[in-house]
Each structure stands twice: as structure tokens, then as C-alpha cells.
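K.L.:
Sending over a structure as C-alpha cells; questions will come in a sec.
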Ligand code: G3H
Ligand code: 13P
Ligand code: ZN
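In the numbering used here, the protein residues as written are 30 to 313.
What follows is the structure, encoded as C-alpha cells:
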């Protein structure tokens, strides 16, 4: 099956009331784990690459790997740029095989974010490529911020309404209390804000920093209009911990396949659990 765009996957998710998982890949084993999990669950899936992943693996390698996976697969697969902050990188992805991009202008002013997101949409849309934007600041768990500072970073619903009306973006990533990385405590999500943003914008909402968010909070977010859920940290944990366990079990092992194979299996299992939680099993 050829690549589909993220918008192609979020339309049916909207109609069906579920969310599609967007899983970060950096290498062949994680790419295969994502595809194997989606196939086992008969689910649509989004494989996303960050700018860091592109620097590590190479844009051409990522596109080629995901294209092979999509061509051989019966489930619909989108290849999405995660947190594109560099306009040149966003353009390279649009022109070299991605089916969807995120332009992340959340660090700039609202006006600049609108202008630059519109520029990306003008390039992407005629090519059938969908665009996700970010409004509000989704930090990392390592950004030592107080509760008040955190709330100041949250997405303002009125600004979100203005942003979506001015850009016509396909989906919107918002800040409502999640953060990238491993949480120290339990994240508290601002569901009231999510509900308001969703009603004012009407676009599919994207939840970043979703690893470690309790299952009941994920289900509630989906019931309130979250349609794309980003997971990276939980895959990293499963992958590396399985690799470590294999090394501890046999410290003399020098065949990388004996270490990376169990890591790939562990990542597949975690991704399957997420797909089931998000409600997209059987929706391919
Ligand atoms: O949103 C961040 C993702 O987890 C990607 O992280 O930039 O280290 O690849 P990365
Ligand atoms: P986690 O690493 O916290 O799962 O966040 C992933 C993400 O939001 C990628 O954009
Ligand atoms: Zn993110």
C-alpha cells in the first residue's frame, strides 16, 4: 500500500471516535516493530521521525525503510516529520518522500507561528501532504518549571481558535500538562482546556509526551477529541531494557541480532498495547 497522509488517517479516527498512534522511529528495528504491531492489530499507524532521527539515520534511509514497510503492508501507514522547527528540514521532508509534516513554531510569537505554518501548508497541501502545528509549549520533564510556569505554557483556547482559522491547519498539537520524556510523578491533564480548544477549533487534536500518561487519562483525552497520540519514551524504554537484559543474560554475546532481536520484540509488544488502548485495533 502506498503512503497515506496523517489527515487521511485522522478523518476516519474522527468518525470512529478513536486515536491513531504516532510512534517515533530511529532505526530499522523500531520501524519494523511499529509495522509488526500495526499489522498484528490490523490498525492504521503513523511512523514519525524527529529531526534528531533524521540526523542519526539519514533522510533517505528513513524514507526508504518506511516505504519498503508500507509497500509490503496491508495496513495504511503515514510517514510524518515530528517537531520540524527548521524550515529547510521541513521542505526537504515535503520534497523527499514524507506524507505528512509537523511544523513546530511554538517557540516563536503567535503571528510568526501563523505566518510560517501557512507557508508550510502552501507547500505541502498541493502535494497531498498534511500539516500538524503546535500551539503552547510542550516541555520536557527535565525543564524544571513550577506549576504556575507550566500553566503559562499551556495552549490558550482563544489563541487556538484564531490560529486554526488563520492557518487552516490539519491538526493541532496542544499543551495541556503532558511533557516529553519519563515523568517523575503522575501527569495531570487539563481536560477542561482540551474540551474548550476542541470545541473552538474543530480540528483533530494531537497529544505529545504521551508515554507514562495513565490509561484512564488517555481514554478521557480520546473521548474529548484527541486523534493522534505520540509515543517515543515508552518504546525507547522497552527497546533498551530488553537489550540490556539480553546482554546481562549472555555477556559474551557478540552477535548484534541476538541483542537487537529481543529489543525489537519488546518494542512490538509495547506498541501493540498502545494501539489497543487508543482504540484503533481492527480499523485498518
Ligand atoms: O518529541 C520528541 C521525540 O521524543 C523525539 O526525540 O528529538 O530525541 O529524537 P528526539
Ligand atoms: P514521549 O517521548 O514522552 O512519548 O513523547 C513523544 C512525542 O511527543 C514525540 O513528538
Ligand atoms: Zn512531541
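A virtual CB, placed ideally from N, CA and C, is assigned to each residue, including glycine. Source: prediction; values computed, not measured.
For the beta strand (DSSP E) holding residue 234, just list the boundary residues, first then last.
P.N.:
234–236
K.L.:
Closer than 8 Å by C-beta to residue 145: which residues in its own chain qualify, once you throw out the five before and the five after it? Chain order, please.
P.N.:
116, 132, 134 and 137
K.L.:
Which whole runs of the beta strand (DSSP E) in the region 235–305 are 3 residues long or more, in chain order?
P.N.:
255–260
K.L.:
Let me know the secondary structure DSSP gives residue 90 once reduced to three states.
P.N.:
helix
K.L.:
Just how far apart, CA to CA, sit residue 149 and residue 202?
P.N.:
16 Å
K.L.:
Helix, strand or coil for residue 172 per DSSP?
P.N.:
coil
K.L.:
Nearest to residue 98 by alpha carbon, out of 281, 266, 56 and 151?
P.N.:
56
K.L.:
Runs of 3 residues minimum, wholly inside the region 38–97: which ones carry the beta strand (DSSP E) assignment?
P.N.:
49–53 and 74–79
K.L.:
What's the call for residue 255, buried or exposed, on a 16-neighbour Cβ count within 10 Å?
P.N.:
buried
K.L.:
Tell whether a beta-carbon distance below 8 Å holds between residue 106 and residue 32.
P.N.:
Cβ distance < 8 Å, so residue 106 and residue 32 count as in contact.
K.L.:
Give me the DSSP bridge partner(s) of residue 195.
P.N.:
Bridge partners of residue 195: none, in fact.
K.L.:
Taking DSSP as the reference, what is the three-state secondary structure of residue 116?
P.N.:
helix
K.L.:
One question on the structure: do residue 264 and residue 296 come within less than 8 Å of each other, judged by their Cβ atoms?
P.N.:
yes
K.L.:
Among 46, 68 and 113, whose alpha-carbon lies nearest the alpha-carbon of residue 77?
P.N.:
113
K.L.:
What do you get for residue 22, buried or exposed, if any count of 16 or more other CB atoms within 10 angstroms of its CB means buried?
P.N.:
Any property of residue 22 remains undetermined from this structure, which presents the chain solely from 30 to 313.
K.L.:
Do you know offhand how far residue 184's Cα is from residue 218's?
P.N.:
Each residue's Cα considered, the two are about 12 Å apart.
K.L.:
Going by the C-beta, is residue 111 closer than 7 Å to any heavy atom of ligand 3?
P.N.:
yes
K.L.:
Hey, is the region 122–129 in contact with the region 33–47, meaning 3+ C-beta pairs nearer than 8 Å?
P.N.:
By the Cβ rule, the region 122–129 counts as touching the region 33–47, because three or more pairs are nearer than 8 Å.
K.L.:
What does the Cβ neighbour count give for residue 175, buried or exposed, with the cut at 16 atoms within 10 Å?
P.N.:
Within a 10 Å sphere around the beta-carbon of residue 175 sit fewer than 16 other beta-carbons, which makes this residue exposed.
K.L.:
Identify every residue that forms a DSSP beta bridge with residue 111.
P.N.:
79
K.L.:
Considering Cα atoms alone, identify which of 60, 125, 209 and 154 is closest to residue 88.
P.N.:
125
K.L.:
Should residue 167 be counted as a contact of ligand 3 given a C-beta to heavy atom distance under 7 Å?
P.N.:
yes
K.L.:
Note the first and the last residue of the continuous beta strand (DSSP E) segment covering residue 164.
P.N.:
159–164
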